[in-house]
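Per this note's numbering, the very first residue in the sequence shown carries number 107; after that it's consecutive.
Glycine included, every Cβ here is placed at the ideal spot set by N, Cα and C.
Quantities reported herein were computed from a predicted structural model and do not represent experimental measurements.
Report on one structure; see the data block that follows.
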Amino acid sequence: CIKAMMSTREYWSGQSTSLGNRIVRWIDLYFPEFRSVFQEWNGIRSLATLKAFALPDDLRHLNAEEVMEGWRNQGMRRVAGVSGKAKAVELLNAAAHSIGKSHTNDAARQEILRLILFYEQTQRTLDEMQQELESLLEQVPLTEQLRSIDGLGTITIACLLGCAGDLRHYAHGRQLLRRAGLNLAERTSGKHKGQVKLSKRGDSMLRKYLYMGILNLVKQNADFKKWHAQNQMRGMTKMASIFKLMGKLARILIGMVQRGETYRSQLHDVIAA
């Protein structure tokens, strides 16, 4: 059930990425200065701007108060204040000097409104699926053990339990890596014939989320952050360190499950070395 839901989530995640890319292309074409005003196009204020006045021409005859009123009409609660007014002025200045295309304004405006509508619908679907996954995970005995690793998120845990099956059946972390296609194997054909590379013969979704999980852990988990720094001090590239830490995580996970333990900082230094 978790595996099926994760597969469905992958589809909607792909849709979200595709729509996001189309929105960015639209901005680059019609209002390239927009991204100098808003670092993230999908923030609350930036989405309100795209819906209220996406094109430079929509802003050229407005003042800061009218821009803030437009944001308010889009449902924003914290509109005014010094920072809000400063952002409105910055937006107006960007629009006044924009070099974006302007000869197809009506069609462009309709296009961005449709893209944002579909994007927001997709985000709502993903949010609903996140809640459903969390509900499903509460019914799985191993969930609390995995959640004891600070920084290991819901989606990574769902993928581990859905794609790898019952972790209690694994004897060693190497088996989990093999399941994900992260074990080393000699290539028997192609331009890399005879070379030892990652096999990539396992579950691609499991491989993806082990990788994404480590990226999150080296940012949020003190132990993984320390190990990542130590690896690089020893001359490893960032990517080589990430792959080494994926192996470390696999060993920690299987060791925890076998012993029925929760994660305690530094507890697995010897096992994971």
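Contact between the segment 196 to 204 and the segment 167 to 176 is present: 3 or more CB-CB pairs across the two stretches fall below 8 Å. Around the beta carbon of Asp329, 16 or more other beta carbons lie within 10 angstroms, which makes this residue buried. Setting aside the 5 residues that flank it on each side, Leu221 is surrounded in the same chain by Leu125, Arg128, Ile129 and Trp132, each with a C-beta closer than 7 Å to its C-beta; the list follows chain order.
Judged by DSSP in its simplified three-state form, Asn289 adopts coil rather than helix or strand. Spatial neighbours of Thr262 in its own chain (CB-CB distance under 6 Å, excluding positions within 5 residues in sequence) are listed in chain order as Tyr315 and Gly319.
Note on geometry: alpha-carbon atoms of Arg285 and Arg141 lie some 41 Å from one another. Three or more Cβ pairs drawn from the segment 271 to 286 and the segment 350 to 366 lie within less than 8 Å of each other, which places the two stretches in contact. One Cα belongs to Val185, the other to Arg215, and the distance between them is close to 23 Å. Within its own chain, the residues whose Cβ lies closer than 6 Å to the Cβ of Ala154, once the five positions on either side in sequence are excluded, are Trp177, Gln180 and Met182, listed in chain order. His334 sits close to Leu351, with the two beta carbons spaced by under 9 Å.
One Cα belongs to Ser152, the other to Thr368, and the distance between them is close to 42 Å. Within the segment 155 to 183, complete alpha helix (DSSP H) segments of at least 4 residues are found at 162 to 165 and 170 to 179, given in chain order. Take the alpha-carbon of Gln251 and the one of Ile348: they are about 23 Å apart. Between Gly206 and Leu156, the C-beta spacing is not below 9 Å. Within the model, the alpha-carbon separation for Gly190 versus Val246 is close to 45 Å. Contact between Leu232 and Trp118 holds: their C-beta atoms lie close to 5 Å from each other, under 8 Å. Just so you know, the alpha carbons of Glu226 and Glu172 end up roughly 25 Å apart. Ranked by Cα distance from Met362, the first of Glu238, Glu244, Asn327 and Ala277 is Ala277. Taking 9 Å as the cut-off, the Cβ atoms of Leu248 and Leu273 count as close.
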